[in-house]
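Visitor: Sharing a structure, written as structure tokens. Questions coming.
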Amino acid sequence: MIRLCLLMLIIILWFTPVFSQGPGNLTAPNRHNLSATSGNPVRAVSETQICVFCHTPHRALTQTPLWNKSLSTAQYTVSVKPGSTGTQLSSPLNPPDGDSKLCLSCHDGTIPLGSVLNLGGQPTTISMTQQNLPLWTDLSGHHLVSIEYNSALATDKANQCGTVQYKLVDPPPPTPYLQRTRNIYDPNCTDPAGCSDPDNWHMGVQCTSCHDAHYDPDPVNRTTAFLRQGVRGSWTSRTYTDPLCLTCHIQCP
Ligand code: HEC
Ligand code: HEC
Ligand code: HEC
Ligand code: HEC
10 MIRLCLLMLI IILWFTPVFS QGPGNLTAPN RHNLSATSGN PVRAVSETQI CVFCHTPHRA
70 LTQTPLWNKS LSTAQYTVSV KPGSTGTQLS SPLNPPDGDS KLCLSCHDGT IPLGSVLNLG
130 GQPTTISMTQ QNLPLWTDLS GHHLVSIEYN SALATDKANQ CGTVQYKLVD PPPPTPYLQR
190 TRNIYDPNCT DPAGCSDPDN WHMGVQCTSC HDAHYDPDPV NRTTAFLRQG VRGSWTSRTY
250 TDPLCLTCHI QCP
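Our numbering puts the sequence shown at residues 10 to 262.
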């Protein structure tokens, strides 16, 4: 009986989103399935693997989740403080670090989508229906990434209440919303211990705080854009009611 219950529990969990996210739903026709058979407009001409566009088991870039691409060396424009509202406290790293840097190895538009470090034992450029994504090196006017988020920042933000309507959730939300940046590309990191010891890596906002590259809840209608919560549209209305935003932002009393 107990074994039957356990089995049923596993079956139920398997079909709940959290459990079945595992490797994500990349085999579904979402936009990060770049295989030739995906049916997406942006895809490989003949390569049928899926993971290879981002990962490789060998010859990967060090200090990354087995990343199969070189990282961009583009120069970026970021929102330096004070932001356009004059209330922004954080100064984002420029260039961004951590997982954001991984996204930008395709999304800043400077590196060909098919350019990989290892396919069949050597670097190559997989032939694609579209060579590059549109150029996106001006990150100002986009949500800050590569900023640290800790209680000290939340306290400073709360002190702005009166000027701002939203402060920061304190204590900061756990992963996956705040990533301990897995990989250190910060060229300004001069402290060898600080750069190599994962315990000293910053907990912060990255592209991956809002997006999960492996999982798009609604890949067919594309209302969800790999978002961890919420749907497109609520952001542009700037009502801050989106559950995603409210993971980190909370209304001032
Ligand atoms: C479009 C790029 C992309 C593709 C395609 C992709 N990944 Fe990832 N993967 C990422 C990024 C970005 C990270 C680091 C951030 C994260 O963990 O979400 C990552 C991290 C990982 C990790 C380590 C951390 C974790 O979340 O477990 C594993 C394992 C992984 N991917 C497996 C896979 C597998 C298996 C596939 C193919 C089915 C795949 N990935 C396809 C972008 C991709
Ligand atoms: C291997 C290259 C590659 C990497 C790495 C990559 N992407 Fe993408 N991404 C794409 C392509 C290609 C598309 C589809 C573009 C199109 O259809 O015009 C896309 C589309 C998207 C979309 C739009 C989805 C939709 O339905 O409109 C989002 C959001 C996105 N990526 C976020 C990310 C984030 C965040 C990361 C890092 C965690 C990342 N991507 C890493 C190649 C990549
Ligand atoms: C604070 C949350 C947040 C962060 C951080 C964030 N995004 Fe997004 N992103 C969104 C939301 C919400 C949307 C859907 C609304 C929209 O399309 O503008 C979106 C949309 C997108 C799209 C689709 C745009 C389109 O016009 O179809 C891409 C591509 C994308 N993000 C990539 C990234 C990359 C790359 C990073 C890191 C440099 C990043 N995002 C950081 C919340 C975020
Ligand atoms: C993972 C946590 C997190 C998420 C999710 C998040 N934010 Fe933020 N956001 C921050 C942090 C941290 C700051 C930096 C605040 C500062 O430095 O003043 C910030 C800054 C901002 C700012 C600038 C504040 C200022 O005073 O200049 C705006 C506006 C903003 N976020 C809107 C949004 C919206 C809209 C969403 C949902 C699409 C969102 N955020 C999602 C953490 C997050």
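Cβ coordinates follow ideal geometry from the N, Cα and C atoms, glycine included.
On a Cα-Cα basis, can you pick out the residue from S55, T73 and L177 that is closest to C63?
Guide: What you label residue 63 is simply residue 54 of the sequence shown in a count that begins at 1. Of the candidates S55, T73 and L177, the one whose C-alpha sits nearest the C-alpha of C63 is T73.
Visitor: Any heavy atom of ligand 5 closer than 7 Å to the beta-carbon of H116?
Guide: As far as ligands go, the structure on display features ligand 1, ligand 2, ligand 3 and ligand 4 and does not contain ligand 5.
Visitor: Spatial neighbours of V125 within its chain, please: CB distance less than 8 Å, with the 5 preceding and 5 following residues excluded, ordered by chain position.
Guide: As a first step, residue 125 must be located in the sequence shown, where it is residue number 116. These residues qualify, in order along the chain: V61, F62, T65, N77, K78, P132, T133, T134 and I135.
Visitor: Quick check: the stretch 224-240 against the stretch 141-160, are at least 3 beta-carbon pairs closer than 8 Å?
Guide: Verdict: no, contact absent.
Visitor: Taking the C-alpha atoms as reference points, what is the distance between G130 and A45?
Guide: The count along the sequence shown starts at 1 and reaches residue 130 at position 121. The count along the sequence shown starts at 1 and reaches residue 45 at position 36. Roughly 21 Å separates the two Cα atoms.
Visitor: Going residue by residue through the stretch 126-179, where are the continuous beta strand (DSSP E) segments of at least 3 residues, counting only ones entirely within it?
Guide: The qualifying runs are 131-134 and 175-177.
Visitor: Taking its Cβ as the centre, do 16 or more other Cβ atoms sit within 10 Å of C170, making it buried, or is it exposed?
Guide: Within the sequence shown, the letter at position 161 stands for residue 170. Classification for C170: exposed.
Visitor: If you drop the 5 nearest sequence neighbours on each side, which residues of the same chain put their C-beta closer than 7 Å to that of V113?
Guide: Indexing the sequence shown from 1 puts residue 113 at position 104. It is Leu, not Val, that sits at residue 113 in the sequence shown. Cβ within range, chain order: S81 and P105.
Visitor: Can you tell which of P101, G107, Y224 and G239 has its C-alpha closest to the C-alpha of Y85?
Guide: One-based indexing of the sequence shown puts residue 85 at position 76. Taking only the C-alpha atoms, the option nearest Y85 is P101.
Visitor: Could you say if the stretch 211-221 and the stretch 156-166 meet the contact criterion of at least three C-beta pairs nearer than 8 Å?
Guide: Because the criterion of three Cβ pairs below 8 Å is met, the stretch 211-221 and the stretch 156-166 touch.
Visitor: Alpha carbon to alpha carbon, what distance is there between L255 and Y249?
Guide: Taking the sequence shown and counting its residues from 1, one reaches residue 249 at position 240. Taking the sequence shown and counting its residues from 1, one reaches residue 255 at position 246. Only weak support exists for where Y249 lies, its pLDDT of 48 falling under 50; the value from the coordinates is given anyway. Y249 and L255: Cα-Cα distance of roughly 7 Å.
Visitor: Is it buried or exposed for N127, if we count other Cβ within 10 angstroms and need 16 for buried?
Guide: Against the sequence shown, residue 127 aligns to sequence position 118. Label assigned to N127: buried.
Visitor: Between the C-alpha atoms of P228 and G239, what's the straight-line distance to the nearest angstrom?
Guide: One-based indexing of the sequence shown puts residue 228 at position 219. One-based indexing of the sequence shown puts residue 239 at position 230. Distance between the alpha carbons of P228 and G239 is about 14 Å.
Visitor: Given 7 Å as the limit, tell me if T138 has its C-beta closer than that to any heavy atom belonging to ligand 1.
Guide: In the sequence shown, counting from the first residue as 1, residue 138 sits at position 129. False, no ligand heavy atom lies under 7 Å from that Cβ.
Visitor: For a test of your reading of the model: does the CB of P105 fall under 7 Å from any non-hydrogen atom of ligand 2? Yes or no.
Guide: Along the sequence shown, read from residue 1 onward, the residue named residue 105 stands at position 96. Every heavy atom of ligand 2 is 7 Å or more from the Cβ of P105, so no.
Visitor: I'd like the list of long-range same chain contacts for I259, defined as Cβ closer than 8 Å, with 5 residues on each side in sequence excluded.
Guide: Along the sequence shown, one-based indexing puts residue 259 at 250. Once the five neighbours on either side are set aside, the close Cβ partners of I259 are Y175, K176, L177 and V178.
Visitor: Answer yes or no: the CB of R68 versus the heavy atoms of ligand 2, is any distance below 7 Å?
Guide: Residue 68 sits at position 59 when you count from the first residue of the sequence shown. No, since every heavy atom of ligand 2 falls outside the 7 Å radius drawn around the Cβ of R68.
Visitor: Identify the continuous alpha helix (DSSP H) that holds G107 and give its terminal residues.
Guide: Walking along the sequence shown from the start, residue 107 turns up at place 98. Segment G107 to H116, the alpha helix (DSSP H) holding G107.
Visitor: Could you please give me the residues that DSSP links to T232 through a beta bridge?
Guide: Taking the sequence shown and counting its residues from 1, the one referred to as residue 232 is at position 223. In the DSSP output, where bridge partners are listed per residue, T232 has none listed.
Visitor: Helix or strand or just coil, what does DSSP make of L255?
Guide: The residue you call residue 255 lines up with position 246 of the sequence shown. L255 falls in the helix class under three-state DSSP.
Visitor: Using only the alpha-carbon positions, how far apart do T119 and N34 sit?
Guide: Looking up residue 119 in the sequence shown gives position 110. Looking up residue 34 in the sequence shown gives position 25. In a straight line, the C-alpha of T119 is about 27 Å away from that of N34.
Visitor: State yes or no: is the C-beta of T172 within less than 8 Å of the C-beta of T96?
Guide: Locating residue 172 in the sequence shown gives position 163, counting from the first residue. Locating residue 96 in the sequence shown gives position 87, counting from the first residue. Cβ atoms of T172 and T96: closer than 8 Å.
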